[in-house]
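Data first, discussion second: the structure below is written as structure tokens.
Okay, structure coming up:
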């Protein structure tokens, strides 16, 4: 299989290395606005370099992987769809709700397969939690807690174009909440604060946030995020039900320590980045994309799914800004 990849920044180079190590990838073609960076990655992996996305798509690729900075996602996704090439796009598919709506309508009208990169759907723990909910093992579910706590903040230059903590960070929690629960969010109430670097507030963002979500069956969702979790990268979920509770990410890499005397859990070592935390999930995600390319399965995470997660993020940002509950019905959808 011949796969093309656009964007060789941190996540793009990571995906390129993951693809190069997978058995189904026979040829890898990369491009980037910085062709020097593309050549460096290509030389490392024995890949080809294309001068731009247009040339890459014209080079006979079977699948197209978009891992550029967010502003380029929508234009590149439109190029991939126009070329009729099955496309994988890192989240978010677009920087705005309006663009995301337009892309959802475009994909629906063309039928070109698009797989959006919400890798938690391929993590073994989250899939086990989903199975526990679906099977009724937990009885009725009443509360779900989910968090994304980064070990350290990104570079100051990243924040102004990130879309804010809910759209950039918690959007993963919103997607996996839908995936595990099988429900939709009905309303949100969100807040945030700044205790760290000034560049968050300067960009109109916060470095720590929380949201209370009410699902359409009355289940309560409690979501938290922060850019400052010095104990390690901490991504978890707890699903609390009538008959039992199941937790994702509760192992010896847990980025906290017990205050109770004599407790040796967790023993470590901690994980320090999302790439370390989710490496097997990223591999499974790209393997699933190959199955989409071959026509063996439909997209396991559609632009429609991405739109729903973006709508929740949009509602949370509006709630934080306006200091009020926001119903999802207030946020445009299709």
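In the UniProt record's numbering, the protein residues as written are 1 to 334.
Even for Gly, the Cβ is constructed at its ideal location relative to N, Cα and C.
What number of angstroms, rounded off, separates the C-alpha of residue 105 from the C-alpha of residue 170? Taking the first residue of the chain shown as 1, we reach residue 105 at position 105. Taking the first residue of the chain shown as 1, we reach residue 170 at position 170. Rounded to the nearest whole angstrom, the CA to CA distance from residue 105 to residue 170 is 24 angstroms.
Can you give the beta carbon distance from residue 92 to residue 310, rounded, assuming they're within the 8 angstroms contact cut? In the chain shown, counting from the first residue as 1, residue 92 sits at position 92. In the chain shown, counting from the first residue as 1, residue 310 sits at position 310. Contact between residue 92 and residue 310 holds: their C-beta atoms lie close to 6 angstroms from each other, under 8 angstroms.
Start and end of the alpha helix (DSSP H) containing residue 109? The residue you call residue 109 lines up with position 109 of the chain shown. Where residue 109 is concerned, the enclosing alpha helix (DSSP H) stretches over 97 to 110.
Given that a residue counts as buried once 16 or more other Cβ atoms are within 10 Å of its Cβ, and exposed if not, what is residue 111? Sequence index remark: in the chain shown, residue 111 carries index 111 (1-based). Classification of residue 111: exposed, given that the 10 Å Cβ count is below 16.
Using DSSP bridges, identify the partner residues of residue 326. Walking along the chain shown from the start, residue 326 turns up at place 326. In the DSSP assignment, residue 326 is bridged to 188.
C-alpha gap between residue 44 and residue 118, whole angstroms: Within the chain shown, numbered from 1, the residue matching residue 44 stands at position 44. Within the chain shown, numbered from 1, the residue matching residue 118 stands at position 118. Here the alpha carbons of residue 118 and residue 44 stand approximately 27 angstroms from one another.
Three or more C-beta pairs under 8 angstroms: does that hold for the region 222 to 236 against the region 260 to 277? Touching, yes, given that three or more Cβ pairs across the two stretches are closer than 8 angstroms.
Tell me whether the beta-carbon of residue 144 lies closer than 8 angstroms to the beta-carbon of residue 210. For the purposes of this step, residue 144 is taken as residue 144 along the chain shown, with counting starting at 1. For the purposes of this step, residue 210 is taken as residue 210 along the chain shown, with counting starting at 1. Contact flag unset, no.
Shortest alpha-carbon distance to residue 32 belongs to which of 25, 160, 208, 42? Residue numbering aside, residue 32 sits at position 32 when the chain shown is read from its first letter. The residue among 25, 160, 208, 42 with its C-alpha nearest the C-alpha of residue 32 is 42.
Residue span of the alpha helix (DSSP H) that contains residue 78, given as start and end: Residue mapping note: residue 78 aligns to position 78 of the chain shown, counting from 1. Element bounds for residue 78: 73 to 82.
Same chain, Cβ closer than 8 angstroms to residue 219, neighbours up to 5 away in sequence not counted: Position 219 of the chain shown, counting from 1, holds the residue named residue 219. Take residue 219, set aside five residues on each side of it, and the residues of its chain with a beta-carbon closer than 8 angstroms to its own are 141, 142, 143, 144, 181, 183, in chain order.
Distance check for residue 148 and residue 252, CA to CA, integer angstroms please. For the purposes of this step, residue 252 is taken as residue 252 along the chain shown, with counting starting at 1. For the purposes of this step, residue 148 is taken as residue 148 along the chain shown, with counting starting at 1. So the alpha carbons of these two residues sit roughly 17 angstroms apart.
Boundaries (first-last residue) of the alpha helix (DSSP H) holding residue 172: In the chain shown, residue 172 corresponds to position 172, counting from 1. Annotation: the continuous alpha helix (DSSP H) that includes residue 172 extends over 171 to 181.
Looking at the structure shown, is residue 305 part of a helix, part of a strand, or coil, going by DSSP? On the chain shown, position 305 is the one that residue 305 refers to. Reduced to three states, the DSSP call for residue 305 is helix.
Continuous beta strand (DSSP E) stretch holding residue 238: start and end: Residue mapping note: residue 238 aligns to position 238 of the chain shown, counting from 1. Run containing residue 238: 234 to 241, per the beta strand (DSSP E) assignment.
Going straight from the alpha carbon of residue 29 to that of residue 35, what length do you get? As a first step, residue 29 must be located in the chain shown, where it is residue number 29. As a first step, residue 35 must be located in the chain shown, where it is residue number 35. Spanning the alpha carbons of residue 29 and residue 35 requires a straight line of approximately 12 angstroms.
To the nearest whole angstrom, what separates the beta carbons of residue 365 and residue 317, a pair I think is in contact under 8 angstroms? An answer regarding residue 365 cannot be provided, because it is not within the stretch 1 to 334 covered by the chain.
Tell me, please, which residues DSSP counts as bridged to residue 9. What you label residue 9 is simply residue 9 of the chain shown in a count that begins at 1. DSSP, once it has assigned bridges, lists no residue as partnering residue 9.
Go ahead and label residue 51 buried or exposed: buried means 16 or more other beta carbons lie within 10 angstroms of its beta carbon, across all protein chains shown. In the chain shown, counting from the first residue as 1, residue 51 sits at position 51. Exposed, by the Cβ-count rule.
Check for me: the beta strand (DSSP E) holding residue 145 runs from which residue to which? Counting from 1 along the chain shown, the entry for residue 145 is found at position 145. Residues 141 to 149.
Taking residue 124 as the reference, which of 203, 7, 228, 237 has the closest Cα? Reading the chain shown from its first residue, position 124 is the one you call residue 124. Measuring from the Cα of residue 124, the nearest candidate turns out to be 237.
Between residue 78 and residue 153, is the Cβ-Cβ spacing less than 8 angstroms? Position 78 of the chain shown, counted from the start, is the residue given in the question as residue 78. Position 153 of the chain shown, counted from the start, is the residue given in the question as residue 153. With contacts defined by Cβ atoms closer than 8 angstroms, residue 78 and residue 153 do not form a contacting pair.
Here's the rule I'm using: 16 or more other beta-carbon atoms within 10 Å means buried, otherwise exposed. How should residue 324 be labelled? By 1-based counting over the chain shown, the position of residue 324 is 324. Exposed is the call here.
Can you tell which of 20, 277, 10, 75 has the C-alpha that lies nearest to the C-alpha of residue 250? Taking the first residue of the chain shown as position 1, residue 250 is located at position 250. Residue 250 has its Cα closest to that of 277, out of 20, 277, 10, 75.
Is there contact between the region 8 to 23 and the region 67 to 74, where contact requires at least three CB pairs shorter than 8 angstroms? Touching, per the Cβ criterion.
If you compare alpha carbons, which of 165, 214, 98 is closest to residue 192? The sequence position of residue 192 within the chain shown is 192, counting from 1. Comparing Cα-Cα distances from residue 192 to each of 165, 214, 98, the minimum goes to 165.
Who pairs with residue 115 in a beta bridge, going by DSSP? Looking up residue 115 in the chain shown gives position 115. 88, per the DSSP bridge assignment.
Taking the continuous beta strand (DSSP E) assigned at residue 200, which residues delimit it? On the chain shown, residue 200 is found 200 positions in, with the first residue counted as 1. Taken as a continuous stretch (DSSP letters only), residue 200 belongs to no beta strand (DSSP E), being part of the alpha helix (DSSP H) at 198 to 202.
For the beta strand (DSSP E) that contains residue 248, what are its first and last residues? Within the chain shown, residue 248 is the residue found at index 248, counting from 1. For residue 248, the uninterrupted beta strand (DSSP E) segment begins and ends at 245 to 248.
Have a look at the DSSP bridge pairing and note the partners of residue 2. Here residue 2 refers to the residue found at position 2 of the chain shown. Beta-bridge pairing links residue 2 to 27.
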